[in-house]
Amino acid sequence: MTTTAVGTERRPPAPSLTTQDFRLMESVNNHFRAVAPRGTTRERCLENSFWSVVSTSVRPYDMITVIGADRSFHATYLVLEAGLGYVSLIELSWTPLPALLATPDDRLPPNFSIYYGGVDDGWTAKRNSDGVVIVKNAKSQQDCLAQLLDHNSVKQAR
Amino acid sequence: MDNELILRHLQGLAIHFVSYSGPLPALVEFAHHSLAAASPGKEALDLFIRKETNQRELSDHWETALWQSANGLYHLVCITPELDVEVARRRLAQFPTAPSQCRWCLADAKSHVDRDLVKETDIHGHPVHRSLLHRNCMRPWLLMRDLVEHFDARNSK
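Residue numbers (the working numbering), protein chains in the order written: chain A, 76 to 233; chain B, 469 to 625.
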């Protein structure tokens, strides 16, 4: 006759939530939005002194969304601890924002220009060095730029 | 009737006038003369300009805003965004003479300010002082602001 060994140790039940643990987010924590002044770097956002004036308004596990005043980045932070003059943050995301417009500085390839050539020609892109018209009859300036960037002669030059 | 040709000529008119506001018959006359032999006739042009889908098509694909304001005048405005940073900076620094003017197209809404123009809001959500624009003019204006901000951000590093 075999006997099965019965374990005598007691185990606590697996942890589970109670109603006290489960509350509406808005009643406990806040989600703040901050506009960082021009020239704020990614490292500066994590420094204590950057938040020293507002640190008393945030509580642990609050979220802060930071937008650069120069529209250059968007970032989210989680507050770990906060109090008078100090705050500890974890960076959850940091996204550089692109410019909405293609400026001649960054997207328009050098040696090309875009101009309106009248009703018959529409928006036109021209190569400056030899005056060859690359794109003709584009509906708009942005359309013209998109067609120019898609053109083989520009692609090869890159 | 060649719709694209009419749209092309309306765009040409908008670029020529930069910002036009006037009664509809005058605008129809301009379009009629611009189209010359290809014109479908003044009545057809009148209907074409009134039609909202054509106005939407112009603003979506042709960088041209066409709408009727509260005082009954038709506006034809070129909304091609500014690409020169220095020109954009100068325009952003200048204010129109009357407080009821749109900052982009400078058309005076006079007593219809509340109906025609909307306030520009800055990144904090506060209205920018003395900065009112038509809904159609808002996009190129904000693009211009974005252009200058990004240029400064890139060059300050």
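Each residue gets a CB set at the ideal place from its N, CA and C atoms; glycine is no exception.
Could one say the Cβ of residue i lies closer than 8 Å to chain B's Cβ atoms, at least one of them?
i: A/V229; result: no
i: A/S215; result: yes
i: A/D234; result: Residue 234 of chain A lies beyond the residue range present for chain A, which begins at 76 and ends at 233; the question has no answer from this structure.
i: A/A150; result: no
i: A/L224; result: no
i: A/A221; result: no
i: A/I165; result: no
Expressed to the nearest angstrom, what Euclidean distance is found between the alpha-carbon atoms of residue i and residue j?
i: B/A593; j: A/A89; result: For clarity, residue 593 of chain B is Gly in the given sequence; the question names Ala instead. Roughly 48 Å separates the two Cα atoms.
i: A/G82; j: A/S91; result: 24 Å
i: A/V194; j: B/A621; result: 37 Å
i: A/F243; j: A/L164; result: For residue 243 of chain A there is no data in the structure shown, the boundaries of chain A being 76 and 233.
i: A/S228; j: A/A213; result: 17 Å
i: A/A144; j: A/R182; result: 23 Å
i: B/G509; j: B/F619; result: 47 Å
i: B/T565; j: B/S527; result: 27 Å
i: A/G257; j: A/G158; result: Nothing in the structure corresponds to residue 257 of chain A, since chain A is present only between 76 and 233.
i: A/Y136; j: A/V103; result: 9 Å
Establish whether the CB of residue i and some CB of chain A are separated by less than 8 Å.
i: B/L611; result: yes
i: B/L513; result: no
i: B/R476; result: yes
i: B/H592; result: yes
Just confirm the distance between the C-beta atoms of residue i and residue j, as a whole number of angstroms; I'd bet it's less than 8 Å.
i: A/K201; j: A/S188; result: 5 Å
i: B/C546; j: B/I483; result: 5 Å
i: B/L615; j: B/A561; result: So it is not a contact: roughly 14 Å between Cβ atoms.
i: B/L585; j: B/H597; result: The Cβ separation is near 14 Å, so there is no contact.
i: B/Y542; j: B/S507; result: Not quite, the Cβ-Cβ distance comes to about 18 Å (not below 8 Å), so this is no contact.
At a Cβ cut of 8 Å, what residues of the stretch 98-129 of chain A count as close to chain B, listed as they run along the chain?
-> Hits within the stretch, in order: V110, R113 and G114.
Using a beta-carbon distance cut-off of less than 8 Å, what residues from the stretch 535-554 of chain B approach chain A?
-> The stretch 535-554 of chain B vs chain A, Cβ under 8 Å: T548, P549, L551, D552 and V553.
Let me know the alpha helix (DSSP H) ranges lying completely inside the stretch 559-593 of chain B, each 4 residues or longer, listed in chain order.
-> Listed in chain order, they are 581-584.
Every unbroken alpha helix (DSSP H) inside the stretch 83-114 of chain A [4 residues or more] = Those alpha helix (DSSP H) runs which fall completely within the stretch 83-114 of chain A and span 4+ residues are 100-103.
Identify every run of the beta strand (DSSP E) within the stretch 480-531 of chain B, keeping only runs that are complete inside it and at least 3 residues long; order them along the chain.
-> Complete beta strand (DSSP E) runs here, min 3: 487-490.
Write down every uninterrupted run of the alpha helix (DSSP H) in the stretch 186-232 of chain A whose length is 4 residues or greater and which is fully enclosed by it, in chain order.
-> Counting only runs of 4 or more, we get 193-196, 216-225 and 227-232.
Inside the stretch 109-170 of chain A only - beta strand (DSSP E) runs reaching at least 3 residues = With a minimum length of 3 residues, the continuous beta strand (DSSP E) runs that stay inside the stretch 109-170 of chain A are 138-143 and 148-158.
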